[in-house]
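K.L.:
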Amino acid sequence: DGGITQSPKYLFRKEGQNVTLSCEQNLNHDAMYWYRQDPGQGLRLIYYSQIVNDFQKGDIAEGYSVSREKKESFPLTVTSAQKNPTAFYLCASSTRDRNGSPLHFGNGTRLTVT
Amino acid sequence: GNSVTQMEGPVTLSEEAFLTINCTYTATGYPSLFWYVQYPGEGLQLLLKATKADDKGSNKGFEATYRKETTSFHLEKGSVQVSDSAVYFCALSSTGNQFYFGTGTSLTVIP
Chain A
17 DGGITQSPKY
27 LFRKEGQNVT
37 LSCEQNLNHD
47 AMYWYRQDPG
57 QGLRLIYYSQ
67 IVNDFQKGDI
77 AEGYSVSREK
87 KESFPLTVTS
97 AQKNPTAFYL
107 CASSTRDRNG
117 SPLHFGNGTR
127 LTVT
Chain B
243 GNSVTQMEGP
253 VTLSEEAFLT
263 INCTYTATGY
273 PSLFWYVQYP
283 GEGLQLLLKA
293 TKADDKGSNK
303 GFEATYRKET
313 TSFHLEKGSV
323 QVSDSAVYFC
333 ALSSTGNQFY
343 FGTGTSLTVI
353 P
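So the protein lines, in turn, are chains A and B.
The numbering used here puts the first residue of the first sequence at 17, with every later residue one more than the last.
The numbering used here puts the first residue of the second sequence at 243, with every later residue one more than the last.
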């Protein structure tokens, strides 16, 4: 079955360390997205990519970096510059070729930084 | 600009009660509208969608109608079950594959 795989499900890091969250999709989607979700809050867009080797900052890109070297993969690095990195991170993808195509989400990675 | 406003929660209902979660939007052009559901510890799942005015999306007993005149996409279900307890998000997509989400409405259904 096609889908989006995020790994790991839980991640623990010490303050000051960079950490990379994995996101892989086999839906053949061009567009991929990273969102952050804090308790009781909505989704905030970190970065998105409409095509391989290109990506754009979202609303809260500071302290994060991404790469898009392959269509299937869109890893997110949470750097030590991110002031409050503890959150639930969601990766999503979408096709670009049809109006009304929805986002497909992975099951998320919960990052805890202490 | 584009934005989505949805009903504040939390909402608590008894089993078999009628559910409405209000959603209104602001958008340029002709957006597509979506409802997503999120169960604890999981990602968002698409519940239903509508791509043009007067379209009705439906799935698992949930319905929402795209109302251009009132810029609304309210979610309804005639008889909720305990298993419907989750957080519901209204969203829109605009040209350029940009998505905008509401803040989510938490629903708890008690037996």
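C-beta atoms are modelled at their ideal positions from N, C-alpha and C, and glycine is treated no differently.
Model, not experiment: these values are computed from the prediction.
#1: DSSP has A328 (chain B) in a bridge; who is on the other side?
#2: Below 7 Å on C-beta distance, what does L119 (chain A) contact in chain B?
#3: Any beta carbon from chain B within less than 8 Å of Q57 (chain A)'s own beta carbon?
#4: Counting only Cβ pairs nearer than 9 Å, list the residues of chain B close to R52 (chain A).
#5: Count the other CB atoms, across all protein chains shown, that sit within 10 Å of the CB of Q98 (chain A); report buried if there are 16 or more and exposed otherwise.
#6: For G299 (chain B), which residues in chain A fall below 9 Å Cβ to Cβ?
#7: When you compare the segment 112-127 of chain A with the segment 304-315 of chain B, are there three or more beta-carbon pairs, one atom per stretch, that lie closer than 8 Å?
#8: Measuring CB to CB, does T93 (chain A) end up less than 8 Å from Y80 (chain A)?
#9: Pick out whichever of B:Y267, B:V329 and B:S274 has its Cα sitting closest to the Cα of G251 (chain B).
#10: For N301 (chain B), write down the residues that DSSP places opposite it in a beta bridge.
#11: What do you get for D54 (chain A), buried or exposed, if any count of 16 or more other CB atoms within 10 angstroms of its CB means buried?
#12: For T270 (chain B), does the count of other Cβ atoms within 10 angstroms reach 16, so buried, or fall short, so exposed?
#13: What are the boundary residues of the beta strand (DSSP E) that M48 (chain A) is part of?
#14: Taking the Cβ atom as the reference point for each residue, do I20 (chain A) and S109 (chain A) lie within a distance shorter than 8 Å?
#15: Quick one: any contact between the segment 69-87 of chain A and the segment 292-309 of chain B, if contact means 3 or more CB pairs under 8 Å?
#16: Assuming contact is defined by CB atoms lying nearer than 8 Å, are A259 (chain B) and W277 (chain B) in contact in what I supplied?
P.N.:
By the coordinates alone:
#1: B:L349
#2: F341
#3: It does: the Cβ of Q57 (chain A) has a partner Cβ on chain B nearer than 8 Å.
#4: Within chain B, no residue comes near R52 (chain A); the closest Cβ sits about 12 Å away, beyond 9 Å.
#5: buried
#6: Neighbours of G299 (chain B) on chain A: none; closest Cβ ~10 Å, over 9 Å.
#7: Fewer than three beta-carbon pairs drawn from the segment 112-127 of chain A and the segment 304-315 of chain B are found closer than 8 Å, and the two stretches are therefore not classed as touching.
#8: yes
#9: B:V329
#10: B:F304
#11: Exposed, since its Cβ has fewer than 16 Cβ neighbours within 10 Å.
#12: T270 (chain B) should be labelled exposed.
#13: A47 to Q53
#14: yes
#15: Because the criterion of three Cβ pairs below 8 Å is not met, the segment 69-87 of chain A and the segment 292-309 of chain B do not touch.
#16: no
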